[in-house]
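Contents: one structure, followed by commentary.
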Amino acid sequence: MRYLIPLLALTASCTALSAKTRRWEQCSIEGKEGHCMPPTECKALNGVSVAGDGCKHSPNGWQCCTAELPLLKPSMADDNDADIDADDDNDNGSLAKRAPRSCNARGVRGVCIKKSACKGVATPGAGTRNDPWTCPRDPNDVWCCTKKPPPPPRGRRCSARGVPGICMKKSACKGYATPGAGTSKDPWTCPNDPNDVMCCTTKKPPPPPAAPPVRIPESRCKRHVIDAGYKILGANPGKVRSVICYGKRSNKSEHPLGLALDLMTGAYSPNGRPLAEWIMRHAGSLKVTYVIWGQKIWEAGEKVRSWNSWEQMENRGGVTANHWDHVHVSFRR
């Protein structure tokens, strides 16, 4: 009886919400009437939130909130569908009942349930045409639980430090997206793809191998510039391959004065932008005058903002000239 709530109270709450924002969609699960709403709202009303296809016209993630727990379909608890023992403990059984929807993981039948409650193989899918989400209308931690492991997804294969995966956009990966560092010991996982395409794996890859320490050449480089450089390297391990300080330049530059650093990241490295933005956020303490990455510049005194909003520079005709393989940092005297 602890799952029962007055249906009138639920209807009254729905009416109040519709007056403020939008009408809640009505739904029905196994003959139990309810309303579509976020699971947290349903919990606040002491209702039972059930995942399924009953809220197709509601925002993503909303579920059918009913006054009492619907009966579990016998087929959903069948061992042929998924290796889930609802009697093992109350928590796992509750999770199985709250997501009584069948699913298909690349041809293998299963049940949508929390990954932590799955005793078989939990598969999220990749959200692509070849490998769609297995439980698309459920929260991110609800995957398709199958007794047998499904076949690997279609798509270009990759390896993230020994763990096999598929190249896809980071935003589409429900597992672990690993770009690699672009070094001989930790190469790019998807080298021929854009920066936001990484190797997506269902298992977490091992940590990257320790990189050799990066040294800042001290010849004719100002002491406070060297100190600032090591602070940057210490706060951004693995992002910089090598550093240049003093050097002759034909155009106007702080390098001949020993007041600039070129932090070499590799061409079009995904490490460049976060490195440049970190330096921007700490420009005051580092005595930075300006930062350049990817043909965009930020100068001290300007508003701290995303690299996308930095001032666009002219095209100088090359990867290095346009600062696509290194972050340039200039410092005050």
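So the sequence shown is residues -16 to -1, 1 to 317, counted in mature numbering (1 follows the signal peptide of the UniProt record, and there is no 0).
C-beta atoms are modelled at their ideal positions from N, C-alpha and C, and glycine is treated no differently.
Here the structure is a predicted model, which means the values were calculated and not measured.
In the structure shown, T185 falls within a strand segment according to DSSP collapsed to helix, strand and coil. The bridge partners DSSP lists for E17 are S12. Look at the beta carbons and you see the segment 206 to 217 not touching the segment 161 to 178: under three pairs across the two are nearer than 8 Å. Checking the DSSP bridge columns, you'll see T107 partnered with C128. Between C102 and R85, the C-beta gap is not smaller than 7 Å, which leaves the two residues out of contact. For Q296, DSSP records a beta bridge to K280. Buried is the label assigned to Y230, since at least 16 other Cβ atoms lie within 10 Å of its Cβ. For D309, the closest C-alpha among the options R289, K280, G285 is that of K280. With respect to V224, L245 sits apart: the two C-beta atoms are not nearer than 7 Å.
The Cβ atoms of G149 and C119 lie no closer than 7 Å to each other. Contact annotation: C128 and G104 have beta-carbon atoms that are not nearer than 7 Å.
In this structure, the CA atom of G38 is about 23 Å from the CA atom of R113.
Residue environment analysis places V181 among the buried positions, since at least 16 neighbouring C-beta atoms fall within 10 angstroms of its C-beta.
Per DSSP, reduced to three states, the secondary structure at S143 is strand. Within its own chain, the residues whose Cβ lies closer than 7 Å to the Cβ of E295, once the five positions on either side in sequence are excluded, are K280, I281, listed in chain order. Per DSSP, V303 lies in no alpha helix (DSSP H) and is assigned neither H nor E.
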